[in-house]
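In the numbering used here, the protein residues as written are 546 to 988.
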Ligand code: DOR
């Protein structure tokens, strides 16, 4: 695979910014899309890609992942995770601060950015984590998509559920606050109630819908009180979706994961503790209400919450099993398969997985196929179905909750900054992404 300065993608079906589909050509020079048209003439140095029969989408921007570096590299690292991204059509990601050390200072943020510059094949951004003590860091950290607040489902300094501390974080500064909304008190009470049960299915009852609803209400109240930009991470329940449907301030956004749309508590029977995540999987009714909220724009976009743990860790007995599942390799194919089944349109998938994410986080020049936009693209095949196979996975954890699922829309080629980073099963490990910049930190 080469990295020419000029690429011409010939005759794919292109999902245009207005959602329409057209067959045309896309010319890329250096890092940028310079022309979208028909019968574009190549120059002698242009590499031509015959994309007839394939579909060209803006690269996926995954706004919530846990890539484990530094400190937890036995599960994943920025190189393996970004290879998995390239294979999955994910060209940019926003990563969470629960690494070791925690990303709670500028120094820790700079360290991650440095590591990513050295080894990340796709574009990257890193959240700064809130503690009860690092308000000065939260006010000045740069560049970051925002402040991550774990209101529950976390131990140690990253758990912030004290009202005074939350008021301080919401009232000072203006940048986006992204919350993991689960209520610590309720979870702790219920953990005691169900203490002797070792079936992982109990996880969804311990961290139940109410636990999520209580915390989401609390975050919304704080956001309304201080008119503070709020993003609700991995919304999982019908109750939260209905709450947001009834009253969603213009400065609030929400996301959902493919697993909360496509898996439910029935998954414990087939994949056991692999199905354990936070917030937990819910009922088929929750799946349906979340889908409808996404279709209606109550939920704005999709994130994977890629949270890899080793097979050995996942094989422990509940509650010693860690929560989380990998996702970046399967998210696009899962959503495109849903589109092919008629659950949504291709244009909606593009909006939820790229355009709306770029807009919400103020990532300039990404999320659309148009002249002047960054050449972060994914060419997918919507004509064939292939199963999710463990031996093909690039995530270091080496498993997927979707193994055996027969999906379409797999990436055939992924392009980051005008360079081919993935093509037909092969990753070009020479390619490097860039640090993302975020402009809409303010209301
Ligand atoms: O299931 C989860 N796992 N949810 C989280 O919020 C954290 C994540 C992890 O880091 O493993």
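Backbone N, C-alpha and C fix where the C-beta goes; we use that ideal spot for every residue, glycine too.
Note that the structure is predicted; figures quoted are calculated from it, not measured.
Would you decide whether residue 852 is buried or exposed? Buried here means 16 or more other CB atoms lie within 10 Å of its CB. Buried is the label assigned to residue 852, since at least 16 other Cβ atoms lie within 10 Å of its Cβ.
On the DSSP letters alone, give me the boundaries of the alpha helix (DSSP H) that residue 874 sits inside. According to the DSSP assignment, residue 874 belongs to no alpha helix (DSSP H), since it is labelled neither H nor E.
Pair within 8 Å by beta-carbon distance, residue 566 and residue 647: Contact: no.
Using CA coordinates, which residue listed in 919, 644 and 957 is at the minimum distance from residue 930? The shortest Cα separation from residue 930 among 919, 644 and 957 belongs to 957.
What is the DSSP secondary structure of residue 984, reduced to helix, strand or coil? Looking at residue 984 - three-state DSSP - the assignment turns out to be coil, as it is neither helix nor strand.
Between the stretch 607-615 and the stretch 945-952, can you find at least three pairs of beta-carbon atoms closer than 8 Å? At 8 Å Cβ cutoff, the stretches do not touch.
Take residue 862 as the anchor and find which of 741, 555 and 709 has the nearest alpha-carbon. Here the closest residue by C-alpha is 741.
Classification of residue 860 by the beta-carbon crowding that lies within 10 angstroms, buried from 16 upward: Burial state of residue 860 is exposed, judged by a 10 Å Cβ sphere holding fewer than 16 other Cβ atoms.
Do you know offhand how far residue 988's Cα is from residue 732's? Because the pLDDT at residue 988 is just 40, under 50, the model does not fix this residue reliably, and the point stays unresolved.
For residue 611, is the beta carbon positioned less than 7 Å from some heavy atom of the ligand DOR? Taken from the Cβ of residue 611, at least one heavy atom of the ligand DOR lies inside 7 Å.
Beta-carbon within less than 7 Å of residue 623's beta-carbon, same chain only, minus the 5 sequence neighbours each way: which residues are those? Contacts found: 612, 614, 660, 661, 664 and 665.
Straight-line gap, residue 835 to residue 804 (C-alpha atoms, nearest Å): Roughly 11 Å between the two C-alpha positions.
Please indicate yes or no: does the CB of residue 869 lie closer than 7 Å to some heavy atom of the ligand DOR? For the ligand DOR, at least one heavy atom lies less than 7 Å from the Cβ of residue 869.
Can you tell me which of 795, 774, 773 and 801 puts its alpha carbon nearest to the alpha carbon of residue 786? With distances taken between Cα atoms, residue 786 lies closest to 801.
For a test of the three-state rule: what should DSSP assign to residue 803, helix, strand or coil? It is helical.
Return the CA-CA distance between residue 634 and residue 914, expressed in angstroms with no decimal places. So the alpha carbons of these two residues sit roughly 15 Å apart.
If I'm right that residue 865 touches residue 832 with Cβ under 8 Å, what's the distance once you round it to whole angstroms? At roughly 28 Å, the Cβ-Cβ gap does not stay under 8 Å, so residue 865 and residue 832 are not in contact.
Cβ-based burial, residue 745 [other Cβ within 10 Å; buried from 16]: Residue 745 comes out buried.
Assign residue 905 to one of three DSSP states: helix, strand, or coil. The answer is helix: DSSP assigns residue 905 an H, G or I state.
Backbone secondary structure at residue 885 - three-state DSSP: If DSSP states are grouped into helix, strand and coil, residue 885 belongs with the helices.
With distances taken between CB atoms, is the gap from residue 909 to residue 577 smaller than 8 Å? Not in contact: residue 909 and residue 577 (Cβ atoms no closer than 8 Å).
If contacts are defined as beta-carbon pairs under 8 Å, then residue 912 and residue 902 qualify, I think. What distance do you get, rounded to the angstrom? Confirmed, about 7 Å.
Along the chain, where does the beta strand (DSSP E) that runs through residue 582 open and close? Its beta strand (DSSP E) spans residues 577-582.
Inter-residue spacing [alpha-carbon to alpha-carbon] between residue 546 and residue 973: The predicted model places residue 546 with a pLDDT of 45, which falls under 50 and marks its position as unreliable, so this point remains unresolved.
Taking 8 Å as the cut-off, decide whether the C-beta atoms of residue 696 and residue 726 are in contact. If you check the CB distance, residue 696 and residue 726 come in under 8 Å.
Can you tell me whether residue 955 is helix, strand or coil according to DSSP? Three-state DSSP puts residue 955 in a strand.
Would you mind listing the beta strand (DSSP E) stretches within the stretch 634-682 that are 3+ residues and don't spill past its ends, in chain order? Counting whole runs of 3 or more residues, the stretch 634-682 contains the beta strand (DSSP E) stretches 635-640 and 668-671.
Residue 915 - DSSP class collapsed to helix/strand/coil: Residue state, collapsed to three classes: coil.
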